[in-house]
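Asker: Structure below; questions to follow.
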Amino acid sequence: MLRSSLWGTVLLGRALQAVLVSLLVGSLCFALMHSLPGDPAMRIAAGRYGPDAMSLQAAESVRQELGLEQPLLQQYGRALWQLAQFDLGHSLVTGRPILEELQVQLGHSLWLALASLLLSLLGIPLGIIAGARAGGWLDRGSQALAIGVRALPPFVLGLLLMWLFSIQLGWLPPAGFGSWQHLLLPALTLALGLAALSCRVSRDAMAEVQQSAYFTFARHKGLRGLTLIQRHGLRNAAIPVVAYLGVQAVYLIEGVVVVESIFAYPGIGHAMVHAIIARDVPMVQGTVLTLGLLFVLINLLIDAACRWIDPRQGGTR
Amino acid sequence: MLAAALFGSMLTPVSARTLNVVGPWEMTGVEASQSGYVFTRMQVAETLTAADSQGHIVPQLATAWQVSEDGLRWQFQLREGVSFHDGTPLTADIVAAELQRAHQGAGVLKQVPVKAIRAEGSQLVIELERVFAPLPAFLANYSTLILAPSSYTAEGKVSQIIATGPYQIQTMTLPLKLELKRNEHWWGGKVAIDSASYLAVGKGETRALMAQSGEADLVFSLLPVSVAALSRDPRLHTEVVTLPRTRMLKLNAGSALFSDVRVRQALSLALDRQGMARAILRNDKVAANQLFSPAMGAWHDSQLAPIPRDLDKARALLAEAGWQAGADGILQKDGQPFQVKLLTYSNLPELPVLATAIQAQLREVGIAVEVAVGNSSEIVSQHRDGVLQMALFARNFSLVPNPLGTLLQDYGPEGGDWGAMGWSDAQMQSSLQQLQVITDAARQAPLQQQINQTLQQQLPVIPVAWSELAVAASRQLEGVQVDPYELSYHLTSLRWKSEE
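Protein chains in written order, with the working numbering: chain H, 1 to 317; chain S, 318 to 817.
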């Protein structure tokens with residue numbers, strides 16, 4: 001009974017958070033996009049027709065078609081009213097419903113995010129082994145590698161991987177999408193950055209656990225090697241590692257923006273950048289809102305995972 | 318929604334025999350005026366006319382056309398036996414409705430003085446308000462492509478591309494990808510390659526790697542630095558063609574800084590065109606000694622010599638115009654320094670680099686240039702507001718495969734967004750007017766040369782470098798043709814070598 005009401009509070013809290021995120025994102029996007037310098041009708045026309053066919057005439061017809069000459073307050077009201085009805089509207093550039101566009105892009109981005117997250121998990125065992133022998137050669141070696149990988153911007157890392165896996169080895173297609181082979185290189189580009197961090201975090205967590213009183217006690221009790229780490233190490237070390245995965249999501253989304261552009265991958269980051277350049281306000285709102293809600297969802301899952309790993313967390317609040 | 322999104326994009330395998338085409342151009346929507354050029358280049362959709370490699374207008378969906386004595390009534394005979402990808406036959410009524418829509422829309426047909434468009438039997442009739450000889454060239458532009466009625470939603474929006482070309486769309490993932498299969502019922506007969514794809518890849522480095530890895534068979538618009546590396550690759554064939562497109566400096570000739578023609582000439586002489594062509598564009602041939610590139614036929618004057626950099630002459634012209642060097646080396650006139658803002662954009666990656674080179678070159682004659690890299694639309698909006706000082710951009714003279722279409726837009730009495738600003742010339746206006754009436758090439762040529770000369774002497778815009786299209790093609794492909802007018806990729810003339 002106590003347990004279920006606790007879960008209820010968590011869910012209600014996160015649901016409230018979701019509503020707030022939507023309202024904030026809607027308003028902020030609108031305000032920010034309209035406070036940028038430059039004429040939105042011109043930007044939208046350039047986004048639609050490209051520099052070659054862009055003209056003053058084209059911009060004026062865009063202005064009329066979209067009602068951009070209306071007072072801002074009226075446009076803002078209309079946008080919020082649409083949002084309240086769960087209607088994200090139509091893209092100002094492509095003219096297609098935002099929901100349709102998001103579905104395609106979000107799908108591609110989720111595959112990419114999922115694949116990179118899975119690949120990045122490889123960093124955790126490496127970190128745990130390194131942490132179990134803190135100060136050893138594996139610890140130092142993995143630290144150097146993590147710093148090196150993390151210091152490379154995704155743009156450079158992506159091109160290096162393409163050169164290695166597509167040109168030199170000929171194993172994978174360098175860019176594009178449509179098959180699992182296409183997914184591997186962009187996912188790896190992101191995963192290496194993620195793995196570098198989670199490797200260090202899990203290494204520190206493991207090293208800390210090793211210095212704790214309960215771990216020393218277990219060792220004195222006579223437990224050795226894997227059994228020791230399995231019973232007393234992993235679960236304790238997992239809490240900061242899992243909590244950190246939530247933070248990693250930020251890196252993931254930031255990386256997606258760059259990686260999708262290099263690899264010609266039709267995801268939500270790519271769409272968001274183009275929408276911002278073209279002043280496609282509904283599209284910006286749609287992408288930012290989706291990403292925002294995704295954060296809420298990820299945090300909810302992380303919360304749940306942490307409570308499962310460490311049941312004390314629920315009880316002490 | 319998450320689940321729908323995940324499984325909606327389920328991954329599908331790619332057939333080995335697909336011709337993979339890669340270019341930088343994303344499809345920003347399905348409307349013809351937005352992404353029509355991808356649909357026509359990939360030969361999914363067709364227009365009434367087309368242009369050959371010399372820029373002559375040739376038949377496509379229209380087989381012949383004639384104009385009445387007074388030049389106001391055009392009749393286009395439509396090709397017989399043409400059907401759309403869904404089997405609907407092409408009729409004059411459908412074509413008339415499509416062109417009426419194009420005329421209402423954002424495409425080039427808006428510039429044509431159309432009075433009425435209608436079907437008469439199997440013919441399409443276009444009536445004009447006034448004589449307009451270049452009309453057939455306008456009907457080769459992608460915004461006038463012909464779609465089947467089933468392409469539209471009930472509200473009259475394009476929802477899919479059902480057209481008449483030799484390839485039809487199987488899947489379309491906006492803004493990046495098209496997957497095509499051969500149209501077995503194409504009026505032009507059977508084509509050799511049965512499936513093709515188009516992928517928009519924005520980054521030039523990635524495009525080059527795709528060509529090298531064999532993932533793409535035909536790659537358009539390579540960066541100058543990639544061309545040398547790819548041309549050494551034995552599996553690839555590279556080709557660079559000059560386009561009817563010019564990178565130029567637009568000047569506000571109505572402003573105090575640039576109203577004096579001597580100042581504009583001095584700026585032109587201060588530019589090191591050969592240096593920029595060699596070091597930045599890696600192609601000596603593109604240094605522009607005139608506005609019209611060699612790809613523009615009779616408009617180009619092949620007798621003109623290259624414009625050498627002449628700093629002494631430039632300084633002398635500026636001194637004649639009243640500009641004297643100040644203490645800091647910057648020119649001054651009436652106590653005002655020669656400071657100017659140069660606006661450009663990064664959609665074309667070479668433009669910001671060229672802008673900074675120009676900045677350094679003009680500094681040598683005492684002109685302080687501040688480079689601003691923004692959105693291309695800012696050039697249009699600053700032109701409208703009259704605050705633009707100087708801009709660097711590339712202008713396409715073959716959007717309509719007759720440069721007259723672009724010139725009318727850019728150098729009319731009021732100037733144009735991508736052309737003259739605060740400048741007009743009576744003789745040039747009269748030549749432009751006459752060219753709208755004359756159809757005889759021999760009579761057009763002297764007028765075209767006169768326009769070229771006026772632009773050369775008056776310099777409302779300063780030509781910097783012509784644009785080129787660099788293409789890499791797999792050696793397994795035969796029959797590659799690079800169209801300088803960028804109307805078509807000529808997929809129909811391609812075949813795989815191993816198939817012989």
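Cβ atoms here follow ideal geometry from the backbone N, Cα and C, with glycine treated the same way.
Is the Cβ of K520/S closer than 7 angstroms to any Cβ of chain H?
Answerer: The sequence position of residue 520/S within the second sequence is 203, counting from 1. Taking Cβ atoms only, chain H reaches closer than 7 angstroms to K520/S, which makes this a yes.
Asker: Note down, in chain order, every chain S residue with its Cβ under 8 angstroms from the Cβ of R43/H.
Answerer: Within the first sequence, the letter at position 43 stands for residue 43/H. N692, S694, listed in chain order.
Asker: V797/S to V778/S, Cα distance in whole Å?
Answerer: On the second sequence, position 480 is the one that residue 797/S refers to. On the second sequence, position 461 is the one that residue 778/S refers to. For V797/S and V778/S, the distance between alpha carbons rounds to 35 angstroms.
Asker: Considering only DSSP beta bridges, list what E101/H is partnered with.
Answerer: Counting from one through the first sequence, the residue named residue 101/H turns up at place 101. DSSP output for E101/H lists no bridge partner at all.
Asker: I'd like to know whether the C-beta of V697/S is nearer than 7 angstroms to at least one C-beta of chain H.
Answerer: The residue given as residue 697/S occupies position 380 in the second sequence. With 7 angstroms as the cut-off, V697/S counts as an interface residue toward chain H.
Asker: Using Cβ-Cβ distances below 8 angstroms, what residues of the segment 346-363 of chain S are close to chain H?
Answerer: The residues in question are G346, V347, E348, S350, Q351.
Asker: Mind checking if R63/H is an interface residue toward chain S, Cβ cutoff 7 angstroms exclusive?
Answerer: Locating residue 63/H in the first sequence gives position 63, where the first residue counts as 1. So, not an interface residue.
Asker: Grab the span of the alpha helix (DSSP H) containing I262/H for me, first residue to last.
Answerer: Along the first sequence, read from residue 1 onward, the residue named residue 262/H stands at position 262. Taken as a continuous stretch (DSSP letters only), the alpha helix (DSSP H) holding I262/H covers 234-262.
Asker: When the cut-off is 7 angstroms and only beta carbons count, does G13/H lie next to chain S?
Answerer: Walking along the first sequence from the start, residue 13/H turns up at place 13. With 7 angstroms as the cut-off, G13/H does not count as an interface residue toward chain S.
Asker: Quick check: what's the CA-CA separation for K221/H versus G178/H?
Answerer: Within the first sequence, residue 221/H is the residue found at index 221, counting from 1. Within the first sequence, residue 178/H is the residue found at index 178, counting from 1. Computed Cα separation, rounded: 55 angstroms.
Asker: DSSP state of G691/S, grouped into three classes?
Answerer: Stepping through the second sequence from its first residue, residue 691/S is reached at position 374. Of the three classes helix, strand and coil, the one that applies to G691/S here is strand, per DSSP.
Asker: Under 8 angstroms, CB to CB, which of the residues in the segment 144-163 of chain H have a partner in chain S?
Answerer: Result list: L159, M162, W163.
Asker: What does a CB cutoff of less than 8 angstroms around R43/H pick up in its chain, not counting 5 residues either side in sequence?
Answerer: For the purposes of this step, residue 43/H is taken as the residue at position 43 of the first sequence. Cβ neighbours of R43/H beyond the five flanking positions: I277, A278, R279.
Asker: Quick check: the Cα distance between S619/S and A594/S, rounded to an integer number of angstroms?
Answerer: Start at 1 with the first residue of the second sequence, and residue 619/S comes out as number 302. Start at 1 with the first residue of the second sequence, and residue 594/S comes out as number 277. So the alpha carbons of these two residues sit roughly 18 angstroms apart.
Asker: Does any CB atom of chain H fall closer than 7 angstroms to the CB of A513/S?
Answerer: Sequence index remark: in the second sequence, residue 513/S carries index 196 (1-based). Output row for A513/S: interface = no.
Asker: To the nearest angstrom, report how far apart T380/S and L395/S are at their CA atoms.
Answerer: As a working mapping, residue 380/S is identified with position 63 in the second sequence. As a working mapping, residue 395/S is identified with position 78 in the second sequence. About 6 angstroms.
Asker: Could you run through the segment 91-116 of chain H and flag, in chain order, every residue whose CB is less than 9 angstroms away from some CB of chain S?
Answerer: Residues S91, V93, T94, G95, R96, L99, E101, L102, Q103, V104, Q105, L106, G107, H108, S109, L110, W111, L114.
Asker: Just the Cα atoms here: how many angstroms apart are T771/S and M745/S?
Answerer: Reading the second sequence from its first residue, position 454 is the one you call residue 771/S. Reading the second sequence from its first residue, position 428 is the one you call residue 745/S. For T771/S and M745/S, the distance between alpha carbons rounds to 7 angstroms.
Asker: Sorted by chain position, which residues of the same chain lie with C-beta nearer than 7 angstroms to I549/S's C-beta, five sequence neighbours on each side aside?
Answerer: Position 232 of the second sequence, counting from 1, holds the residue named residue 549/S. A small correction: the amino acid at residue 549/S is Arg; Ile does not occupy that position in the sequence shown. Cβ neighbours of R549/S beyond the five flanking positions: none.
Asker: Would you please verify whether the beta carbon of A423/S is less than 7 angstroms from any beta carbon of chain H?
Answerer: In the second sequence, the residue the question calls residue 423/S occupies position 106. Chain H contact via Cβ: present.
Asker: Grab me the residues of F215/H's own chain with a C-beta within less than 6 angstroms of its C-beta, minus the 5 sequence neighbours each way, in chain order.
Answerer: Numbered from its first residue, the first sequence carries residue 215/H at position 215. If we look at F215/H and ignore the five residues flanking it on each side, its Cβ neighbours are V209, H232.
Asker: Interface residues of chain H around M527/S at Cβ under 7 angstroms?
Answerer: As a working note, residue 527/S is residue 210 in the second sequence. Correct list: P174, A175.
Asker: Is the beta carbon of A454/S closer than 7 angstroms to that of P718/S?
Answerer: Position 401 of the second sequence, counted from the first residue, corresponds to residue 718/S. Position 137 of the second sequence, counted from the first residue, corresponds to residue 454/S. Contact: yes.
Asker: Please state the DSSP three-state secondary structure of V19/H.
Answerer: Numbered from its first residue, the first sequence carries residue 19/H at position 19. Note: V19/H maps to helix in three-state DSSP.
Asker: Sort Q417/S, E803/S, Q766/S by Cα distance to R353/S and report the nearest one.
Answerer: Mapped onto the second sequence, residue 353/S falls at position 36. Note that residue 353/S is Gly in the sequence shown, not Arg. Of the listed residues, the one whose Cα sits closest to G353/S is E803/S.
Asker: Exposed or buried, which one is T756/S when buried takes at least 16 other CB atoms within 10 Å?
Answerer: Counted from its first residue, the second sequence places residue 756/S at position 439. Label assigned to T756/S: exposed.
Asker: Which residues in the same chain have their Cβ closer than 6 angstroms to the Cβ of A787/S, if we skip the five residues on either side of it in sequence?
Answerer: As a working note, residue 787/S is residue 470 in the second sequence. Cβ within range, chain order: L539, V544, V557.
Asker: Mind checking who S400/S pairs with in its DSSP beta bridge?
Answerer: The residue labelled residue 400/S in the question sits at position 83 within the second sequence. Looking at the DSSP assignment, S400/S forms a beta bridge with P406/S.
Asker: Taking CB distances under 7 angstroms as the criterion, tell me whether N569/S reaches chain H.
Answerer: The residue given as residue 569/S occupies position 252 in the second sequence. False, the Cβ-Cβ gap to chain H never drops below 7 angstroms.
Asker: Could you pull out every residue in the same chain whose Cβ sits closer than 8 angstroms to the Cβ of P341/S, ignoring the five residues on either side in sequence?
Answerer: Counting from one through the second sequence, the residue named residue 341/S turns up at place 24. Counting only Cβ-Cβ distances below 8 angstroms, and skipping sequence neighbours, we find A517, V518, G519, G521, R524, F537, S538.
Asker: Could you name the residues of chain S that G8/H contacts, counting a contact when the two beta carbons are closer than 7 angstroms?
Answerer: The sequence position of residue 8/H within the first sequence is 8, counting from 1. Within chain S, no residue comes near G8/H; the closest Cβ sits about 23 angstroms away, beyond 7 angstroms.
Asker: What's the gap between the Cα of T357/S and the Cα of E363/S?
Answerer: Against the second sequence, residue 357/S aligns to sequence position 40. Against the second sequence, residue 363/S aligns to sequence position 46. Spanning the two alpha carbons is a distance of roughly 6 angstroms.
Asker: Could you please give the first and the last residue of the uninterrupted alpha helix (DSSP H) stretch that includes G135/H?
Answerer: For the purposes of this step, residue 135/H is taken as residue 135 along the first sequence, with counting starting at 1. Where G135/H is concerned, there is no enclosing alpha helix (DSSP H), given that its DSSP letter is neither H nor E.
Asker: Looking at chain S, which residues of the segment 29-42 of chain H have a Cβ within less than 7 angstroms of any of its Cβ atoms?
Answerer: Those would be G38, D39, M42, in chain order.
Asker: In its own chain, which residues sit with a C-beta less than 6 angstroms from the C-beta of V241/H, not counting the 5 before and 5 after it?
Answerer: Locating residue 241/H in the first sequence gives position 241, where the first residue counts as 1. Correct list, in chain order: V201, S202, A205.
Asker: Taking all protein chains shown into account, decide if K432/S is buried (16 or more other Cβ within 10 angstroms of its Cβ) or exposed.
Answerer: Position 115 of the second sequence, counting from 1, holds the residue named residue 432/S. The residue in question, K432/S, is exposed, as its Cβ has fewer than 16 Cβ neighbours within 10 Å.
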